[in-house]
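Comments concern the structure below.
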Amino acid sequence: MTISVVLADANILFSRTLRDYFLYVADAGAIEIHWSQQILDEMSRNLRTELGLDRNATTRLEELMNSFIEYALIDISPADVAIANAVEMDAGDRHVLAAALSADADILLTDNIKHFPADWMFDHGIELLTAGELLARLADHFPNELRAAHARTVRRSPKSETDILATLERSAGPAALYAIRRVIAV
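Letter 50 of the sequence shown, counting from 1, is numbered 66 in my numbering, and no numbers are missing.
Here's what the structure looks like:
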């Protein structure tokens with residue numbers, strides 16, 4: 017399987033556990049992950065609102081993410097904004113579609129599948145996947161990279177492995193938990 021270009025939505029990057037898995041699997045070479053500044057802004061705004069992080073903490077997180085995966089931050093072209101604005105969909109997510117187009121993404125990684133026009137996306141070569149679906153695919157095609165990402169997630173988290181797996185199941189569903197359990201059992 018070839019390496020997929022993945023545009024990550026803010027709802028994926030919001031979860032530390034999901035963010036860690038996908039950044040570490042990208043660093044291991046299994047995917048090429050991207051986001052836009054608007055996506056980071058949305059992630060940071062939600063972290064401040066829902067978890068009470070302050071602006072300094074979210075700014076630092078964005079800086080760390082952008083330095084860890086140096087190629088990830090993409091600029092959205094005006095042409096892609098115009099295309100996204102013409103698509104009948106949730107207006108609040110048009111910037112995500114425009115970012116996926118600008119990244120030339122194969123996959124739009126989001127847990128808000130219903131906000132995106134599946135037929136339009138398919139016709140334009142962009143597959144909509146949830147976190148659980150992508151983790152299951154990575155377990156099938158890049159088990160070593162996913163195993164390494166899991167080990168880094170556990171090593172760098174203040175949570176226990178049991179707590180990380182429980183968070184993963186809550187965040188991405190039982191298929192994600194099964195995928196991780198399958199690769200770490202080897």
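All residues carry an ideal CB built from backbone N, CA and C; glycine is no exception.
Hey, could you find the ends of the alpha helix (DSSP H) residue i is sitting in?
i    : result
L113 : 110–118
D96  : 94–101
D36  : 32–43
S176 : Counting along the chain, S176 falls outside any alpha helix (DSSP H), and DSSP gives it neither H nor E.
F84  : 71–84
Going by DSSP, what residues sit across from residue i in a beta bridge?
i    : result
W51  : L89
A24  : L125
E143 : I123
Mapping DSSP to helix, strand and coil, what is residue i?
i    : result
S187 : helix
I123 : strand
P133 : coil
M105 : coil
A46  : coil
S60  : helix
W201 : Just to set this straight, residue 201 is Ala in the shown sequence, not Trp. A201 falls in the coil class under three-state DSSP.
I19  : coil
G148 : helix
F138 : helix
Name the residue from the options whose alpha carbon lies nearest to the alpha carbon of residue i.
i    : options              : result
L39  : L151, V199, G189     : L151
E177 : N160, R197, L67, L29 : R197
V97  : N62, Q54, L63        : Q54
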